[in-house]
Amino acid sequence: MSAKILYGKDFAAQIKESARAEVEKLKNNFNLTPGLAVIIVGENPASQVYVRNKHKTCEELGIKSEVVEMPASTSKDELLKKIDELNADKSINGILVQLPLPDAIKNHSEEILNRIDPLKDVDGFHPVNVGKLVTGSPALVPCTPAGCIEMLDLAGIEIDGKRAVIIGRSNIVGKPMLHLLMAKNATVTVCHSHTKNLAEVTREADILVAAMGKPKFVTADMIKAGAVVIDVGINRIAPKKLVGDVDFDAAAEIASAITPVPGGVGLLTVAMLMKNVVTAAKLQIGA
Ligand code: NDP
Numbered sequence: 000m001s002a003k004i005l006y007g008k009d010f011a012a013q014i015k016e017s018a019r020a021e022v023e024k025l026k027n028n029f030n031l032t033p034g035l036a037v038i039i040v041g042e043n044p045a046s047q048v049y050v051r052n053k054h055k056t057c058e059e060l061g062i063k064s065e066v067v068e069m070p071a072s073t074s075k076d077e078l079l080k081k082i083d084e085l086n087a088d089k090s091i092n093g094i095l096v097q098l099p100l101p102d103a104i105k106n107h108s109e110e111i112l113n114r115i116d117p118l119k120d121v122d123g124f125h126p127v128n129v130g131k132l133v134t135g136s137p138a139l140v141p142c143t144p145a146g147c148i149e150m151l152d153l154a155g156i157e158i159d160g161k162r163a164v165i166i167g168r169s170n171i172v173g174k175p176m177l178h179l180l181m182a183k184n185a186t187v188t189v190c191h192s193h194t195k196n197l198a199e200v201t202r203e204a205d206i207l208v209a210a211m212g213k214p215k216f217v218t219a220d221m222i223k224a225g226a227v228v229i230d231v232g233i234n235r236i237a238p239k240k241l242v243g244d245v246d247f248d249a250a251a252e253i254a255s256a257i258t259p260v261p262g263g264v265g266l267l268t269v270a271m272l273m274k275n276v277v278t279a280a281k282l283q284i285g286a
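Using numbering that gives the first Met the number 0, you'd call the opening residue of the sequence shown number 0 and step up by one each time.
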């Protein structure tokens, strides 16, 4: 195996450390303890694990954490009312609605997320924040793609002038990744399920981002020798077995650097959320 393995925990620790220092500064200089409210509706076990993890990380870093548990029977209007309350609550700087929502209100996800004050939208999904990202004045950026960029920076991997290819065009990963890489002066191609000759395109990538949700889909022959491979995919192929979108062992023979799954990009997301809570608090006080 020749590639350098980019372990998420190393970068997550650095991101959290810098968030912790910022939290200290906000406390000392502005008497402000940043606060995050996470709303969880219903009892999805995976969501419960994610929310616990976010709560624990907040506590580690000195961020106030409020978990708002609402029953699966919660109506759209009840949820909107709760968001309005949190929008008005000065002790809360970041609001996050854990997805997916229960089936009964799932269709209203967009309206519900759009109710969050853009200055408190720590997931970076609000159209105002999406618009800012696209026009080049990013404020709150979706955590997973932002974490990938932070990792490349921390690992000293040059983006400027590189050819980047992203597989996947979702609002959560692919599209924000396009704008973040372009802002760093990469030349970016975004592929999706209608892309013809995918392997031909991916083989041009100096930086290849796989975010499609297809286990081990990206094989070694789709990767240029020496490329940096970022695997965002998380696929459960057995009750206790997670794999990425990249065929890791074979890809590691040809890439210069690669993120593992599990243990790669997934660990950066919560760290970036903490960073976004700090950024949101600063934006709100104009610091
Ligand atoms: P979506 O399902 O929303 O998007 C998948 C994208 O992949 C779509 O744009 C789709 O194309 C494209 N795609 C699917 N099949 C192919 C194919 N055969 N060839 C080319 N493109 C294809 O997924 P997400 O972006 O939400 O998530 C992607 C992966 O990342 C998942 O495994 C998810 O679990 C993981 N993830 C991990 C996170 C983390 O680490 N914290 C956070 C978010 C996601 P089209 O648009 O044409 O349908």
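By construction, the Cβ of each residue, glycine as well, lies at the ideal position given by its N, Cα and C atoms.
ASP205 carries a coil assignment under DSSP once its states are collapsed to helix, strand and coil.
Ordered along the chain, residues surrounding the ligand NDP are THR143, ILE166, GLY167, ARG168, SER169, ILE171, VAL172, GLY173, CYS190, HIS191, SER192, HIS193, THR194, LEU197, ALA210, MET211, GLY212, LYS213, VAL231, GLY232, ILE233, ASN234, VAL264, GLY265 and THR268 [Cβ under 6 Å from any heavy atom].
Judged by DSSP secondary structure, SER64 falls outside any alpha helix (DSSP H) and instead within the beta strand (DSSP E) spanning 63-69.
Around the C-beta of ASN128, 16 or more other C-beta atoms lie within 10 Å, and the residue is accordingly described as buried. Rounded to whole angstroms, the Cβ separation of VAL227 and ILE206 is 5 Å, and the two are in contact under 8 Å. Between MET273 and LEU95, the CB-CB gap reaches or exceeds 7 Å.
A contact is defined here as three or more CB-CB pairs under 8 Å, and the region 185-196 fails this definition with respect to the region 140-152. Per DSSP, the unbroken alpha helix (DSSP H) holding VAL129 starts and ends at 126-134.
Around the beta carbon of ASN92, 16 or more other beta carbons sit within 10 angstroms, so the residue counts as buried. Remark: three or more beta-carbon pairs, one from each stretch, lie closer than 8 Å, so the region 269-284 and the region 120-127 are flagged as touching.
Between VAL37 and LYS15, the CB-CB gap reaches or exceeds 7 Å. Under DSSP, LYS3 forms a beta bridge with ALA256.
Leaving aside the five residues that flank HIS107 on each side, the residues in its chain whose CB is nearer than 6 Å to its CB run, in chain order, LYS75. Within the region 32-58, the runs of beta strand (DSSP E) that reach at least 3 residues and sit entirely inside it are, in chain order, 34-40.
Classified as exposed, PRO99 has fewer than 16 neighbouring CB atoms from the shown chains inside 10 Å of its CB. ALA182 and GLY146 have their C-alpha atoms roughly 15 Å apart. Excluding five sequence positions before and after PRO70, the CB atoms of its chain that fall closer than 8 Å to its own CB belong to VAL40 and GLY41, given in chain order. Closest in alpha carbon position to SER72, among ALA12, ASN86, LYS105 and ILE82, is LYS105.
Sequence-distant Cβ neighbours of GLY265 in its own chain, meaning closer than 7 Å and more than five residues away, are GLY7 and ILE233.
Residue environment analysis places THR134 among the exposed positions, since fewer than 16 neighbouring C-beta atoms fall within 10 angstroms of its C-beta.
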